[in-house]
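Asker: Numbering (the numbering used here), first residue to last: 463 to 964.
We put the beta carbon where it would ideally sit given N, CA and C, even for glycine.
On a predicted model such as this, the values are computed, not experimentally measured, just so you know.
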Amino acid sequence: MKRILIPAGGAILATGLLAAGLAGNASAASDVASDPMAKSAANAQAIAQFWADNNGAALKAAKESNIWDGKDVAKLQSKGGYSADSKPGTTAPIGAEKKSSSKVQNVNLPKTIGKVFFVNGKGEKKWCSATSIQSNYRNLVATAGHCVYDTQSNADVMSKWVFVPGYYQGKSPWGIYVGKQAFTHYDFDVYEDFDRDYAFVTVYNGVSGLDAKATKVTNSEFNSHKGEKFTKQVEVQKSEYDKGILDPKTFPDYKSVDATPEKIVGPDYPGAVVAKKEVKKGDYTDAKTGRGQGYKYGEPITESVDKDTWTKYDGLGDKGTGPDAAGNYSITHYFVQKWFLPGSDAKYFRTDYYVVEVSAKDAGRLGDNVGGQGFAWNQPTGKYVRVFGYPAAPHPDGHKNYTGITPKWCYGKTSKKTVGSAAKKIEEHVALKCAMTEGADGGPWLLKYSNAKRIGYVNGVTSTFNDQDGNDRVDYISSPYFDGETAAVYKSAANVWSGKIV
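1. DSSP has His891 in a bridge; who is on the other side?
2. Between the segment 740-759 and the segment 782-797, do three or more beta carbon pairs fall short of 8 Å?
3. Is the Cβ-Cβ distance between Gln835 and Ile595 less than 8 Å?
4. Do Val640 and Ala500 have their C-beta atoms closer together than 8 Å?
5. So, helix, strand or coil for Ser564, using DSSP?
6. Classify Lys642 as buried or exposed, calling it buried when 16 or more other Cβ atoms lie within 10 Å of its own Cβ.
7. Could you check whether Asp547 and Asp945 sit closer than 8 Å to each other, using their CB atoms as the reference points?
8. Does the pairing of the segment 751-761 with the segment 728-735 give three or more beta-carbon distances under 8 Å?
9. Which partner residues does Phe802 have in the DSSP bridge list?
10. Here's a check: name, in chain order, each residue in its chain whose Cβ is nearer than 7 Å to the Cβ of Pro498, leaving out the five neighbours to either side.
11. Figure out for me which residue from Lys879, Arg600 and Asp937 has the closest Cα to the Cα of Glu900.
12. Under DSSP, the alpha helix (DSSP H) around Trp772 begins and ends at which residues?
13. Flag this pair as yes or no: are the beta carbons of Asp655 and His608 separated by less than 8 Å?
14. Does Trp530 come out as helix, strand or coil in the three-state DSSP assignment?
15. Please determine, among Trp907, Glu890 and Phe837, the residue with the shortest C-alpha to C-alpha distance to Tyr984.
16. Are the Cβ atoms of Ala524 and Thr605 separated by less than 8 Å?
17. Thinking just about the alpha-carbon of each residue, which of Val958, Asp657 and Asp934 is nearest to the one in Asp859?
18. Compare the C-alpha of Ala514 against each of Tyr775, Arg916, Ser821 and Phe811 and name the closest.
19. Does DSSP classify Ser792 as helix, strand or coil?
20. Could you say which of Ser670, Val535 and Val920 lies nearest to Gln930 if we only look at CA atoms?
21. Thinking Lys588 and Asn582 are a contact (beta carbons under 8 Å), I'd like their distance in whole angstroms, please.
22. Out of Phe837, Val735, Thr771 and Glu765, which one is the CA nearest neighbour of Ile917?
23. Since His891 and Ser941 should fall inside the 8 Å C-beta cutoff, what is the C-beta to C-beta distance between them, to a whole number of angstroms?
24. Could you tell me which residues DSSP pairs with Gly576 in its beta bridges?
25. Among Val767, Lys774 and Leu803, which one has its Cα closest to the Cα of Asn790?
26. What do you get for Asn517, buried or exposed, if any count of 16 or more other CB atoms within 10 angstroms of its CB means buried?
27. According to DSSP, Ile638 sits in a beta bridge with which residue or residues?
28. Determine the direct distance from the alpha carbon of Ile509 to that of Ile529, and round the result to whole angstroms.
29. Taking the alpha-carbon positions, what's the Gly784 to Gly777 distance?
30. With distances taken between CB atoms, is the gap from Trp839 to Ala949 smaller than 8 Å?
31. On the DSSP bridge list, what partners appear for Val603?
32. So, with DSSP's three-state summary, where would you put Asp780?
33. Are the CB atoms of His647 and Glu947 nearer to each other than 8 Å?
34. Would Tyr846 pass as a contact of Lys875 if the rule is Cβ separation under 8 Å?
35. Is Ile763 closer than 8 Å to Thr677 when the C-beta atoms are compared?
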């Protein structure tokens, strides 16, 4: 996997807002790893469209992350106290909501939380929990590292990664935010060290109002269109078919016949018709132009396909070398003429051409729309936190408390001592008594959470689910301890600009 180490200076923009707390941390440069996600605005818009199409069908089809397979809930072991590696520090939250006058003791859910959606290396649509977090450009998401990097298939960053704050049953009330660059600790990026199971992702401005409109066009307009396009075969009467064949101006409309030929003939044979026969690119290139058996049949047709279809394709078409600059995959098909006398069951077709234009609105920056939680590191353990997430998986015994549709929360003191799990190769996590299951992974652990203002300080993210009393029910969750090295990763990400998609 290609790795990009972010230096302590140089490309990082130092600011008064985020510079405090890194002094003396000489290892900061080697702690930070970064990987690109959507590399262009066009690619990012295509990703947003993938999730938004058909009233959020892909969003609704996604399932909760299940890297622990629902039954990997080994008991945590106490590892003792923890000594901070540098001075404690905090970064203040942004976008505080107005204080509520209500005296009701219900927990007010923060606007910052939502789901991250992605496609893993197996091609499965999955989701985790996450939150918007304060950054210089108000464009940053905090979640678990395993919700960004594919630890199961070693496929680097997840594909088609987006954050949807306030997600509810296919709806994205504040827009869809496509990941641009992922930051995590070098040890997680390279060695999958779950003591560093956290990630910070810069996102493009959100997009909303995504709508795809298909327009019928001419053959030449179809061939010149660089975006999404498709064709339709329309059955016609033989009289229309014959008229099109006789008129050279309409010949490039790729008329075709669906029938078993009775006799292969030339174009001037009485009653002869022409169909298209797919050949390899070289055979098409060598073929003559005009009307004749084996001559070129119009211009090549470029078919837009998904990555999986492209990868598995083994037909006569030309796959090229991979995705174009916008990240789209295509296969180009080449045809020659096949003249014959059709049987009595022949059906006649014309090909209609459509191009797809996508309209989208700029929803603005993430932090401007929902705010951003603060960030805290090297804090004392044994402090009260409020954890949010979208639990969905059943407990190991099959009992299903949650649906994943609405966010849930837990509240309590974190363990005073760090905990570990030999099964998961973890040595320095903190634990919290909580029964949330998978789907909540990546959700924020908020220190000093204000129920009135709905803001606090991210001091952890849900990483593992555990069964301490051995009854096949999740009763504890754990998070990596956020130390000075975590702060180095966060601050590298918090100083990187993303930009707009539209």
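Answerer: In this structure, then:
1. Looking at the DSSP assignment, His891 forms a beta bridge with Val881 and Pro942.
2. Short answer: they touch.
3. Yes; because the gap between Cβ atoms is below 8 Å, this pair is in contact.
4. For Val640 and Ala500, yes; Cβs fall inside 8 Å.
5. Low local confidence applies: a pLDDT of 44 at Ser564 is under 50, so the model's placement there is unreliable, with the coordinate-based value given in what follows. The answer is coil: DSSP assigns Ser564 none of H, G, I, E or B.
6. Per the 10 Å Cβ criterion, buried.
7. A contact, by the Cβ cut-off of 8 Å.
8. The segment 751-761, when compared against the segment 728-735, does touch it at the 8 Å Cβ threshold.
9. In the DSSP secondary-structure assignment, Phe802 is bridged to Ile726 and Val735.
10. Take Pro498, set aside five residues on each side of it, and the residues of its chain with a beta-carbon closer than 7 Å to its own are Gln643, in chain order.
11. Glu900 has its Cα closest to that of Asp937, out of Lys879, Arg600 and Asp937.
12. Following the DSSP letters along the chain, one finds Trp772 inside the alpha helix (DSSP H) bounded by residues Lys769 to Lys774.
13. No; because the gap between Cβ atoms is not below 8 Å, this pair is not in contact.
14. Of the three classes helix, strand and coil, the one that applies to Trp530 here is coil, per DSSP.
15. Nothing can be reported for residue 984: it is not among the residues displayed for the chain, which extend from 463 to 964.
16. For Ala524 and Thr605, no; Cβs fall outside 8 Å.
17. Checking every option, the nearest Cα to that of Asp859 belongs to Asp934.
18. Checked all of Tyr775, Arg916, Ser821 and Phe811; the closest Cα to Ala514 is Ser821.
19. In the three-state reduction of the DSSP assignment, Ser792 falls in the strand class.
20. Closest by alpha carbon: Val535.
21. Correct: roughly 6 Å between the Cβ atoms.
22. When each option's Cα is compared against that of Ile917, the closest is Phe837.
23. Taking the Cβ atoms as the reference, His891 lies roughly 6 Å from Ser941, within the contact range of under 8 Å.
24. DSSP output for Gly576 lists Ala592 and Pro627 as bridge partner(s).
25. Ranking Val767, Lys774 and Leu803 by Cα distance to Asn790 puts Val767 first.
26. It counts as exposed.
27. Per DSSP, Val669.
28. The alpha-carbon atoms of Ile529 and Ile509 are separated by roughly 23 Å.
29. For Gly784 and Gly777, the gap between their C-alpha atoms comes out near 16 Å.
30. Taking 8 Å as the Cβ cut-off, Trp839 and Ala949 qualify as a contacting pair.
31. In the DSSP secondary-structure assignment, Val603 is bridged to Ser594 and Val663.
32. The answer is strand: DSSP assigns Asp780 an E or B state.
33. Inclusion of His647 and Glu947 in the CB contact set at 8 Å is warranted, their separation being smaller than that value.
34. Contact: yes.
35. Contact: no.
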